[in-house]
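Undergrad: This is the structure, below, for whatever I ask next.
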Amino acid sequence: MTRVLLIFALIFVLAWAFWRFVDGIIDAFGGTTKQRRKAAPMKLVRDPVCGTFVAPKEAFAFRTGGETHYFCSVECRESFRKSA
Ligand SMILES: [Zn+2]
Numbered sequence: 005m006t007r008v009l010l011i012f013a014l015i016f017v018l019a020w021a022f023w024r025f026v027d028g029i030i031d032a033f034g035g036t037t038k039q040r041r042k043a044a045p046m047k048l049v050r051d052p053v054c055g056t057f058v059a060p061k062e063a064f065a066f067r068t069g070g071e072t073h074y075f076c077s078v079e080c081r082e083s084f085r086k087s088a
C-alpha cells in the first residue's frame, strides 16, 4: 500500500514539473494569452452623430436604454441626447 502512495506522489510531482516546463515554453514563445491580449489593437466604436471612429476609453459615453453610445465630443453627445 505504501508503494502505491509513493508511485502516486511521484506521478503528481512529475505532472507538476511537466506543467511548469510547458509554462516556461509558452512564456519563451511570446508570453501568456494575457500579454497577447494587451498587444491586440484597440477596438473602435462609431460616433452615431458624425460617423467618427473613437476609442471607448477616450470617448464621451452616453448610456440610454441599456445601451452605451460613444461620441467624439460633447457637442455630438448633446445633439444625440436632444434627438433621442
Ligand atoms: Zn462626433
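Using the numbering used here, you'd call the opening residue of the sequence shown number 5 and step up by one each time. The beta carbon of each residue, even a glycine, is placed where N, CA and C say it ideally should be. Please read all numbers here as calculations on a predicted model, not as lab measurements.
(1) So what's glutamate 62 in DSSP terms, helix, strand or just coil?
(2) My understanding is that proline 60 touches valine 49, with C-beta atoms under 8 Å, so please give their C-beta distance in whole angstroms.
(3) How about phenylalanine 75: is its Cβ closer than 8 Å to a heavy atom in ligand 1?
(4) Threonine 72 lies in the beta strand (DSSP E); which residues open and close that run?
(5) Whose C-alpha, out of Glu71, Gly70, Cys76, is nearest the C-alpha of alanine 63?
TA: Well, looking at it:
(1) Stepping through the sequence shown from its first residue, residue 62 is reached at position 58. It is coil, neither helix nor strand.
(2) The residue you call residue 60 lines up with position 56 of the sequence shown. The residue you call residue 49 lines up with position 45 of the sequence shown. Contact annotation, proline 60 with valine 49: C-beta distance approximately 6 Å; criterion of less than 8 Å satisfied.
(3) Residue 75 sits at position 71 when you count from the first residue of the sequence shown. Yes, ligand 1 has a heavy atom inside 8 Å of this Cβ.
(4) Walking along the sequence shown from the start, residue 72 turns up at place 68. Here the beta strand (DSSP E) through threonine 72 covers 71-75.
(5) Translated into positions along the sequence shown, residue 63 becomes position 59. Comparing Cα-Cα distances from alanine 63 to each of Glu71, Gly70, Cys76, the minimum goes to Cys76.
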